[in-house]
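Just so you know, the sequences run in chain order R and H. Okay, so the first sequence: first residue is 14 according to the numbering used here, each after it adds one. Okay, so the second sequence: first residue is 14 according to the numbering used here, each after it adds one.
Number of protein chains: 2
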Amino acid sequence: MPRETPGSARPGWRPSLKDVATLAGVSVMTVSNVVRGAPNVSAATRERVLDVIERVGYVPNSSARNLRAGRSGVVSFAIPAIDNSYFAELARLMMDEAAALGRTVLIEQTKGDRELERRALTGYGPTPTDGLVFFPQALDGAQVSQYAAGRPLVLLGDRGGQGPGDVVTVDNEGGAREAVAHLLATGRRRVAAVGDPRGPGTENSHRRLAGYRAALRQAGLPFDAGLVPAVASYTRAQGEAAAGALLDGGQPPDAVFAFNDMLAVGAVHAALSRGLRVPEDVAVAGFDGTDEARYCNPPLTTVAPDKRGIAREAMRMLGDRITRGDETPYRTVRMGHQLLVRRSTVGR
Amino acid sequence: MPRETPGSARPGWRPSLKDVATLAGVSVMTVSNVVRGAPNVSAATRERVLDVIERVGYVPNSSARNLRAGRSGVVSFAIPAIDNSYFAELARLMMDEAAALGRTVLIEQTKGDRELERRALTGYGPTPTDGLVFFPQALDGAQVSQYAAGRPLVLLGDRGGQGPGDVVTVDNEGGAREAVAHLLATGRRRVAAVGDPRGPGTENSHRRLAGYRAALRQAGLPFDAGLVPAVASYTRAQGEAAAGALLDGGQPPDAVFAFNDMLAVGAVHAALSRGLRVPEDVAVAGFDGTDEARYCNPPLTTVAPDKRGIAREAMRMLGDRITRGDETPYRTVRMGHQLLVRRSTVGR
DNA sequence: CAAGCCAAGTTTAACGTTACACACTCGGGC
DNA sequence: GCCCGAGTGTGTAACGTTAAACTTGGCTTG
Chain R
14 MPRETPGSAR PGWRPSLKDV ATLAGVSVMT VSNVVRGAPN VSAATRERVL DVIERVGYVP
74 NSSARNLRAG RSGVVSFAIP AIDNSYFAEL ARLMMDEAAA LGRTVLIEQT KGDRELERRA
134 LTGYGPTPTD GLVFFPQALD GAQVSQYAAG RPLVLLGDRG GQGPGDVVTV DNEGGAREAV
194 AHLLATGRRR VAAVGDPRGP GTENSHRRLA GYRAALRQAG LPFDAGLVPA VASYTRAQGE
254 AAAGALLDGG QPPDAVFAFN DMLAVGAVHA ALSRGLRVPE DVAVAGFDGT DEARYCNPPL
314 TTVAPDKRGI AREAMRMLGD RITRGDETPY RTVRMGHQLL VRRSTVGR
Chain H
14 MPRETPGSAR PGWRPSLKDV ATLAGVSVMT VSNVVRGAPN VSAATRERVL DVIERVGYVP
74 NSSARNLRAG RSGVVSFAIP AIDNSYFAEL ARLMMDEAAA LGRTVLIEQT KGDRELERRA
134 LTGYGPTPTD GLVFFPQALD GAQVSQYAAG RPLVLLGDRG GQGPGDVVTV DNEGGAREAV
194 AHLLATGRRR VAAVGDPRGP GTENSHRRLA GYRAALRQAG LPFDAGLVPA VASYTRAQGE
254 AAAGALLDGG QPPDAVFAFN DMLAVGAVHA ALSRGLRVPE DVAVAGFDGT DEARYCNPPL
314 TTVAPDKRGI AREAMRMLGD RITRGDETPY RTVRMGHQLL VRRSTVGR
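Spelled out as structure tokens, the structure:
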């Protein structure tokens, strides 16, 4: 299916408006009008131009368009890792919501790296983006604020008070408290918390840890630092390692609350591979409400944020900032969550 | 952290080279030279310019750069769904490999939709891309060839003979055959194949089905269409439904070979939730070698393609087409795979 | 000491697109 | 017969960046 080429046909060559115009015997503007569906083009002319476009395989050059328009219609979704089921599902929803608003999503992996997070925030990089939805991990509020500097920004995850952008979050502390309270209600007394990322870490982790402590307090149980191991990342492997170490210890827990579903899946695996029964010997609960947790064996009890709601609100707020150049004070939206009780904590 | 703004400070305003130049008292080209690290700038001048850049928060406009350069450094990775663990893992690797080559990856979800696949191929859309790595699902070779028309293209997955672009694949038929042969070798006699997407579907599925049939043939077993249900998508839910229906039938299988890990996870879930034991009552094997399969309970036997190799080769070949305008005949690279035997087929 | 050369800049002209202002040609109303 | 407006279409300038050609002045070199 060879394409016609008015000029020299260099390898990567693509026809421009000008080429189409020449071939169709009209001006560049008329072709542009046809392409954009603008008025003031007769049916006959339109037909002729469309023929040529079809014939030479013209596709508008989005770089030129973006330059002209001053915006690209692309928003970045900056997350630690796309192969974390929660982020994969969230990414899918973000793309859906963005598409509904006529935007495209560019996924950027920050891997919890300061420099990569900085780059995502500043908008450095080969793709022009109009703003971003950002899940911070390495950077604190002040740094985020400094680097983003005026770019439309929506932050995912808890923030104490005013953030450097709009915030969409769930009640991390409440969700964690409910999950742990549920574990305690089923008679567990040594509940481990897996996911504390020592040091600054994400605000989310701190909230979930706070929820854990609150649940213990309400039940009149002491906080035991020995039941709260550090993890290097929120992966299945780290969950297995951390839970495994606890289970191999002198005073193993009778329940594990993992700060996300990846860790929880790892914890379940650690228990089962040691011949322990879940939930009889050790109950496991997670956070994220991923599909993976649902299909885990046993199915995983988990705190499920309203992911679609998060995606919808994030894209809506970001869109407002972009199109309206919205200068109103930053808002925080807290989406709902649900404790999905499954067999990993209550058995059959 | 307010930024200095020479002109009027409209909401979405960002400083350009010109603004920096004015403020620094040099020409635009000098600023450009500083930014790009080009020579012929004195240390003093460089210093002064960098100061201003820092002060006003200048970030290069990539639309203008891309327009000027005629390419964007962005490649698209078009897949059916990012929340399929295999694609999520592959996406991560693609991004890593691309970054090593100085490129960025834009993930596009086609959802097995003809129109979305067409858009990905033509490069329509707000983001300029230099080419794409494409996992076809709805479109056949001729259509792919027509729509891509000269764009650098790497196809993922089996193709009979010459494709409309470079091809990176694994031995789907061989992998499937090995997996099924393994099931048969453990004494299974009624092996179901879950994943046949009736109609055209992906070439991969057909190859895996061919491998399944080949293994049966080698073992002298008849092909039973009743053991090969259709699925609507390669998801956990479809795997559960398809396997569930088989297990609830009059002549349930004693093993299930699922065409990907998502389906396999669903199949395991279907079996366990019916009180069946895996692998004692029904063995389950998958395809993809995802991390999720490894952490499944019981851990899932799966055919693991060399995903990193796939990502590396795909990006390398695509890069060659882009930078060298490579016009050599299309090549096909077949990456290795490994049958990872785990407890879902052999027990303890 | 003229010729040449180098470093440190500047000027110019694109890349492809589109907003805006302008031009032309018909019919029809007065 | 002249003007007006609607319907079509064209020309110009600008978006921000950079390759390439050009300028300037100081310094080496034969």
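For glycine and all other residues, C-beta sits at the position ideal for the given N, C-alpha and C.
How about residue i and residue j: do their beta carbons lie closer than 8 Å?
| i | j | result |
| --- | --- | --- |
| residue 181 of chain R | residue 346 of chain R | yes |
| residue 207 of chain H | residue 146 of chain H | no |
| residue 136 of chain R | residue 164 of chain R | yes |
| residue 191 of chain R | residue 352 of chain R | yes |
| residue 244 of chain H | residue 265 of chain H | no |
| residue 228 of chain R | residue 255 of chain R | no |
| residue 236 of chain R | residue 226 of chain R | yes |
| residue 115 of chain H | residue 334 of chain H | no |
| residue 277 of chain H | residue 240 of chain H | no |
| residue 349 of chain H | residue 332 of chain H | no |
| residue 343 of chain H | residue 200 of chain H | no |
| residue 338 of chain H | residue 25 of chain R | yes |
| residue 282 of chain R | residue 305 of chain R | no |
Do you know how far the Cα of residue j is from the Cα of residue i?
| i | j | result |
| --- | --- | --- |
| residue 234 of chain H | residue 315 of chain H | 22 Å |
| residue 27 of chain H | residue 309 of chain R | 48 Å |
| residue 71 of chain H | residue 222 of chain H | 56 Å |
| residue 74 of chain R | residue 97 of chain H | 32 Å |
| residue 341 of chain R | residue 133 of chain H | 37 Å |
| residue 62 of chain R | residue 37 of chain R | 6 Å |
| residue 14 of chain H | residue 307 of chain H | Only weak support is given to the placement of residue 14 of chain H: the predicted model assigns it a pLDDT of 37, under 50, and the value that follows is read from those uncertain coordinates. Computed Cα separation, rounded: 48 Å. |
| residue 167 of chain H | residue 327 of chain H | 6 Å |
| residue 76 of chain R | residue 121 of chain H | 18 Å |
| residue 260 of chain R | residue 90 of chain R | 37 Å |
| residue 124 of chain R | residue 95 of chain R | 9 Å |
| residue 67 of chain R | residue 162 of chain H | 12 Å |
| residue 320 of chain H | residue 188 of chain H | 14 Å |
| residue 39 of chain H | residue 32 of chain H | 10 Å |
| residue 17 of chain R | residue 129 of chain R | Here residue 17 of chain R scores only 44 on pLDDT, less than 50, and its place in the model should not be relied on; the value that follows carries that caveat. Spanning the two alpha carbons is a distance of roughly 43 Å. |
| residue 242 of chain R | residue 258 of chain R | 9 Å |
Starting from the C-beta of residue i, find all residues in its chain whose C-beta is less than 7 Å away, skip the five residues before and the five after it, and write them out in chain order.
| i | result |
| --- | --- |
| residue 196 of chain R | 204, 268, 270, 296, 298 and 358 |
| residue 99 of chain H | 273, 274, 301 and 303 |
| residue 160 of chain H | 131, 134 and 135 |
| residue 79 of chain H | 85 and 141 |
| residue 126 of chain H | 151 |
Among the residues of its own chain, which have a CB less than 6 Å from the CB of residue i, if the five just before and after it don't count?
| i | result |
| --- | --- |
| residue 185 of chain R | 171, 217, 220 and 221 |
| residue 325 of chain H | 110 |
| residue 29 of chain H | none |
| residue 361 of chain R | none |
| residue 107 of chain H | 90, 118 and 324 |
| residue 92 of chain H | 100 and 148 |
| residue 330 of chain H | 167 and 179 |
Starting from residue i and walking both ways along the beta strand (DSSP E), at which residues does that stretch end?
| i | result |
| --- | --- |
| residue 119 of chain H | 117 to 122 |
| residue 57 of chain R | It is not in any beta strand (DSSP E) - residue 57 of chain R instead sits in the alpha helix (DSSP H) that spans 56 to 69. |
| residue 150 of chain H | Per DSSP, residue 150 of chain H belongs to no beta strand (DSSP E) and is neither H nor E. |
| residue 179 of chain R | 179 to 183 |
| residue 132 of chain R | Element bounds for residue 132 of chain R: not the beta strand (DSSP E) but the alpha helix (DSSP H), 127 to 135. |
| residue 89 of chain R | 87 to 92 |
| residue 232 of chain H | Counting along the chain, residue 232 of chain H falls outside any beta strand (DSSP E), and DSSP gives it neither H nor E. |
| residue 347 of chain R | 345 to 348 |
| residue 256 of chain H | Note, residue 256 of chain H: premise wrong, no beta strand (DSSP E); alpha helix (DSSP H) at 249 to 261. |
| residue 206 of chain H | 204 to 207 |
| residue 336 of chain H | Residue 336 of chain H -> not in any beta strand (DSSP E); alpha helix (DSSP H) instead, spanning 320 to 337. |
| residue 169 of chain R | 166 to 169 |
| residue 296 of chain H | 296 to 300 |
What are the boundary residues of the alpha helix (DSSP H) that residue i is part of?
| i | result |
| --- | --- |
| residue 304 of chain H | 304 to 307 |
| residue 45 of chain H | 41 to 49 |
| residue 281 of chain R | 274 to 286 |
| residue 35 of chain H | 30 to 37 |
| residue 359 of chain H | 356 to 359 |
For residue i, which residues from the same chain have a beta carbon less than 8 Å from its beta carbon, with the 5 sequence-adjacent residues on both sides left out?
| i | result |
| --- | --- |
| residue 59 of chain R | 47 |
| residue 52 of chain R | 46 |
| residue 294 of chain R | 267 and 284 |
| residue 317 of chain H | 301, 302, 350, 351, 352 and 353 |
Inter-stretch contact at 8 Å, needing at least 3 Cβ pairs: the stretch 34 to 54 of chain R / the stretch 76 to 94 of chain R: no
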